[in-house]
Amino acid sequence: MTLTKAQEEEIIATIEQYATAYRKKDIRAFSTIFSPEISGFGSGADEVIHNHADLIRQIRRDVSQADVHAVAFSDRQIIGDGRIAWVTSKSTMTFSVGGSAKQTLSGRSTMVLKNTGSRWVIAQLHFSLPFGGQSTGQSFPGA
Numbered sequence: 001m002t003l004t005k006a007q008e009e010e011i012i013a014t015i016e017q018y019a020t021a022y023r024k025k026d027i028r029a030f031s032t033i034f035s036p037e038i039s040g041f042g043s044g045a046d047e048v049i050h051n052h053a054d055l056i057r058q059i060r061r062d063v064s065q066a067d068v069h070a071v072a073f074s075d076r077q078i079i080g081d082g083r084i085a086w087v088t089s090k091s092t093m094t095f096s097v098g099g100s101a102k103q104t105l106s107g108r109s110t111m112v113l114k115n116t117g118s119r120w121v122i123a124q125l126h127f128s129l130p131f132g133g134q135s136t137g138q139s140f141p142g143a
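Going by the UniProt record's numbering, the residue at position 108 of the sequence shown is 108; the numbering climbs one at a time, nothing skipped.
Listed below in structure tokens is the structure:
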């Protein structure tokens, strides 16, 4: 079984809700688009999410430290069976800290979403930044 066009559009809408929630610092929206059993990783060494409370704590920290001006997911690949969907994408987040100049993080995201029967929720999330010491064509730094 593969995803229908309508399911794929619903998944994209959920991901866009995630991006909008960051820009608006909307904790309530984050709470509704993530599964109670969420798990995942952020790009920082201490950014480990074991449950919904960890997620909300991380999001509160994120939005308290910076203003997020834009979040975009590009080069998306969405695969699923109607109950579960796997999404990979390139991710960019444009932000500023304390009124400073805007900066952009360019990373990668993976998400697993589950269909609750009435909507899609994000059950797993991973955001990472490519390792700067690894050149194009290298599998390991210095290789």
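Cβ coordinates follow ideal geometry from the N, Cα and C atoms, glycine included.
These numbers were taken from a predicted model, which means no experiment stands behind them.
| Which two residues bound the contiguous alpha helix (DSSP H) that contains Arg57? | Taking the first residue of the sequence shown as 1, we reach residue 57 at position 57. First-last of the alpha helix (DSSP H) with Arg57: 52–65.
| query | Does DSSP classify Ser74 as helix, strand or coil? | reply | Your numbering for residue 74 matches position 74 in the sequence shown. The answer is strand: DSSP assigns Ser74 an E or B state.
| request: Using a threshold of 8 Å, state whether the C-beta atoms of Lys90 and Arg119 are closer than that. | output: Against the sequence shown, residue 90 aligns to sequence position 90. Against the sequence shown, residue 119 aligns to sequence position 119. No. Outside cutoff.
| field | Nonlocal neighbours in the same chain, by C-beta distance under 6 Å from Ala21, ignoring five residues either side | value | One-based indexing of the sequence shown puts residue 21 at position 21. Once the five neighbours on either side are set aside, the close Cβ partners of Ala21 are Ala29, Phe30.
| Excluding five sequence neighbours on each side, which residues of the same chain lie with their C-beta closer than 7 Å to the C-beta of Ile75? | As a position in the sequence shown, residue 75 is number 75, starting the count at 1. The question names Ile, but residue 75 in the sequence shown is Asp. Same-chain partners within the cutoff: Ser89, Lys90.
| query | Alpha carbon to alpha carbon, how far is Thr4 from Pro141? | reply | Locating residue 4 in the sequence shown gives position 4, counting from the first residue. Locating residue 141 in the sequence shown gives position 141, counting from the first residue. Their Cα atoms are separated by approximately 41 Å.
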